[in-house]
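Beneath this line is the structure, given in structure tokens, with notes to follow.
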């Protein structure tokens, strides 16, 4: 039988885990939120981290939230250029970053302002490819755009040395297009917790190998 002490301990863990989710959903999201219409000094570039695919192979809702928010930032001149990273899959030769880049051009963004990588398929690789493009283009002020849950993980990960400054930015779940529900947010929270735990437990090389096997 489960003792009262164990029940109490499990309860504390569940409460703490849920509290962390709510903290990221509310406090961190508000801290990282950037209103496209807000007046502030324009960044040289916004880096968009690809989310994933639907079972049909189409870009998923999370990728579209990030894409739509990024194009708004460029539209309102809050960022002058845009970089898409991530989304490489062996099956079907999928390149999510390239798909989003083509969508951005179709939306009217100058192709000379659009850049993307075709190699990365995990967060560590996304960061390395983004840093490479930023340094090649000599950008100095950078916005890193993803979901609040993913941005926390990016913050905790090792990053290459750089001379540029970067600021994490995200959308608000309730204002996102498409809108993001609390269940979807909680699912993504769990995914990022598990992913970061594996990243810590395994070496970066082993983690990347595992991601390649899964994807």
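Residue numbers (the numbering used here): 250 to 464.
The C-beta atom is built at its ideal place from N, Cα and C for all residues, glycine as well.
Of all the options the options, which has the alpha carbon lying nearest to the alpha carbon of residue i?
i           : options               : result
residue 380 : 412, 273 and 351      : 412
residue 302 : 346, 332 and 327      : 346
residue 406 : 447, 367, 422 and 274 : 447
Give a single yes or no on whether residue i has its beta carbon closer than 7 Å to a heavy atom of the ligand NAP.
i           : result
residue 262 : In terms of ligand content, the structure shown is empty, and the ligand NAP therefore cannot be addressed.
Should residue i be flagged as near chain B, meaning a C-beta pair shorter than 8 Å?
i           : result
residue 261 : The chain labelled as chain B is not found in the depicted structure, where only one protein chain is given.
Tell me the DSSP secondary structure of residue i in three-state form.
i           : result
residue 450 : helix
residue 462 : helix
residue 344 : strand
residue 426 : coil
residue 330 : strand
residue 265 : helix
residue 273 : helix
Can the beta-carbon of residue i be found closer than 8 Å to that of residue j?
i           : j           : result
residue 298 : residue 335 : yes
residue 389 : residue 414 : yes
residue 285 : residue 327 : yes
residue 316 : residue 271 : no
residue 396 : residue 419 : yes
residue 309 : residue 427 : no
residue 376 : residue 403 : yes
residue 367 : residue 294 : no
What number of angstroms, rounded off, separates the C-alpha of residue i from the C-alpha of residue j?
i           : j           : result
residue 318 : residue 259 : 39 Å
residue 343 : residue 256 : 46 Å
residue 320 : residue 252 : 54 Å
residue 378 : residue 408 : 11 Å
residue 400 : residue 288 : 23 Å
I'd like the list of long-range same chain contacts for residue i, defined as Cβ closer than 6 Å, with 5 residues on each side in sequence excluded.
i           : result
residue 324 : none
residue 338 : 464
residue 365 : 333, 346, 347 and 350
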